[in-house]
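Novice:
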Amino acid sequence: MRVLVFAPHNDDEVLGVGGTIAKYAKAGHEVYVCEATSLLSNPELVQRIKDEAIKAHNLLGVKDTLFLELPVVAIKDTPTIEVNSRFDKIVKELKPNIAYIPHKGDMHIDHSEVAKAAMVALRPIENPQLNAIYAYETLSETEWNTPTVDNMFQPNCYCDITEFIEIKKRAMACFETQIKEFPHPRSLEAIEALSRLRGSTVGVRNAESFMVIRQVMREL
Numbered sequence: 001m002r003v004l005v006f007a008p009h010n011d012d013e014v015l016g017v018g019g020t021i022a023k024y025a026k027a028g029h030e031v032y033v034c035e036a037t038s039l040l041s042n043p044e045l046v047q048r049i050k051d052e053a054i055k056a057h058n059l060l061g062v063k064d065t066l067f068l069e070l071p072v073v074a075i076k077d078t079p080t081i082e083v084n085s086r087f088d089k090i091v092k093e094l095k096p097n098i099a100y101i102p103h104k105g106d107m108h109i110d111h112s113e114v115a116k117a118a119m120v121a122l123r124p125i126e127n128p129q130l131n132a133i134y135a136y137e138t139l140s141e142t143e144w145n146t147p148t149v150d151n152m153f154q155p156n157c158y159c160d161i162t163e164f165i166e167i168k169k170r171a172m173a174c175f176e177t178q179i180k181e182f183p184h185p186r187s188l189e190a191i192e193a194l195s196r197l198r199g200s201t202v203g204v205r206n207a208e209s210f211m212v213i214r215q216v217m218r219e220l
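Positions 1 to 220 (the working numbering) are the ones given, in order, by the sequence shown.
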């Protein structure tokens, strides 16, 4: 099975799907991560963050990482046809069976733009192999936006990552340019705390939570 994770920025995929990625990889599935943006105005920092991402992904068992290098905070200013074509190319090449996308109600505009472009590329009529699309939450983005009905993240699907919480935290620690000290949400303590909260909701020690966007039950 092929799993594709779209991340607006480097480290979003670890925050939202890190434990689940490791669980898929251990089970023998192919996991691909598509990083949408880069800070193009600072090439040295771009390369450093890419190196951090590759290191984190190697820990998690990611098969390949793809960098689209769209401009940070400026996807919305990039021609829609260009953005959509890049996402569409990735999906056509990989033909994922399961996809994870950022929550469209996140505070950072890049998250909503990536969610929209991903949904265009993942249209069901062109992806008969696609069984499910899930939206994930990103600490410091999902919970910080204005809590309107349209913006709220309401999880209805959970993945038990009790066995993988430590590797998730080690992967996040690879992002030395991004990791913060608690009580910042992008801290190892906050990652652990959220996983325990989500886990307690479904009776496990640690979990990641998602919103089901689309799920096809091909077999009963």
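Where a beta carbon is used, it is the ideal one built from N, C-alpha and C, also for glycine.
(1) Run the CB neighbour count on I125, radius 10 Å, all protein chains shown included, and call it buried at 16 or more, exposed below.
(2) How would you call H108, buried or exposed, if buried means at least 16 neighbouring beta carbons within 10 angstroms?
(3) Are at least three pairs of beta-carbons, each pair with one atom in the segment 49-59 and one in the segment 147-161, less than 8 Å apart?
(4) Considering Cα atoms alone, identify which of N127, E141, V62, R186 is closest to Q215.
(5) Could you check if R205 is buried or exposed, using at least 16 other CB atoms within 10 Å of its CB as the buried criterion?
(6) Per DSSP, which residues does E35 bridge with? Please list them.
(7) Can you list, in chain order, the residues of its chain whose CB lies under 7 Å from that of K63, leaving out five sequence neighbours each side?
(8) What residue does the alpha helix (DSSP H) around A190 start on, and which one ends it?
(9) Compare the beta carbon distance of H9 and D110 with 8 Å and say whether it is the shorter of the two.
(10) Is A171 helix, strand or coil by DSSP?
(11) Going by the DSSP bridge assignment, what does Q215 pair with across the sheet?
(12) Short of 6 Å in beta carbon distance, which residues of its chain neighbour G199, apart from the five on each side in sequence? Order them along the chain.
(13) For K76, does the count of other Cβ atoms within 10 angstroms reach 16, so buried, or fall short, so exposed?
(14) Would a check of beta-carbon distances place V5 closer than 8 Å to chain C?
(15) Under 8 Å Cβ to Cβ from L45, same chain only, skipping five residues before and after it: list those, please.
(16) Given 8 Å as the limit, is there contact between the segment 158-176 and the segment 113-125, that is, 3 or more CB pairs closer than that?
(17) Buried or exposed: which applies to M172, given that a residue is buried once 16 or more other Cβ atoms fall within 10 Å of its Cβ?
(18) Please state whether the Cβ-Cβ distance between L15 and A36 is less than 8 Å.
Specialist: Based on what the coordinates show:
(1) The count along the sequence shown starts at 1 and reaches residue 125 at position 125. With fewer than 16 Cβ atoms within 10 Å of its Cβ, I125 is classed as exposed.
(2) Counting from one through the sequence shown, the residue named residue 108 turns up at place 108. Buried: at least 16 other Cβ atoms inside 10 Å.
(3) Segments in contact, no.
(4) The residue given as residue 215 occupies position 215 in the sequence shown. The candidate whose alpha carbon is nearest that of Q215 is N127.
(5) As a first step, residue 205 is located in the sequence shown; it is residue number 205 there, counting from the start. With fewer than 16 other Cβ atoms within 10 Å, it is exposed.
(6) The residue given as residue 35 occupies position 35 in the sequence shown. Paired residues: A7, F67.
(7) Residue mapping note: residue 63 aligns to position 63 of the sequence shown, counting from 1. Around K63: E30, V31, Y32.
(8) Within the sequence shown, the letter at position 190 stands for residue 190. A190 -> alpha helix (DSSP H) spans 188-202.
(9) In the sequence shown, residue 9 corresponds to position 9, counting from 1. In the sequence shown, residue 110 corresponds to position 110, counting from 1. For H9 and D110, yes; Cβs fall inside 8 Å.
(10) Taking the first residue of the sequence shown as 1, we reach residue 171 at position 171. In the structure shown, A171 adopts helical secondary structure according to DSSP, grouped into three states.
(11) By one-based count along the sequence shown, residue 215 stands at place 215. The secondary-structure analysis by DSSP pairs Q215 across a beta bridge with A132.
(12) Here residue 199 corresponds to residue number 199 of the sequence shown, with the count starting at 1. Correct list, in chain order: R205, N206, A207.
(13) On the sequence shown, residue 76 is found 76 positions in, with the first residue counted as 1. Looking at its Cβ environment, which holds fewer than 16 other Cβ atoms inside 10 Å, K76 is exposed.
(14) Absence of chain C from the displayed structure is noted, only one protein chain being present.
(15) As a position in the sequence shown, residue 45 is number 45, starting the count at 1. The residues are L39, T177.
(16) Counting Cβ pairs under 8 Å, fewer than three are found: no touch.
(17) Position 172 of the sequence shown, counted from the first residue, corresponds to residue 172. Buried: at least 16 other Cβ atoms inside 10 Å.
(18) As a working note, residue 15 is residue 15 in the sequence shown. As a working note, residue 36 is residue 36 in the sequence shown. No.
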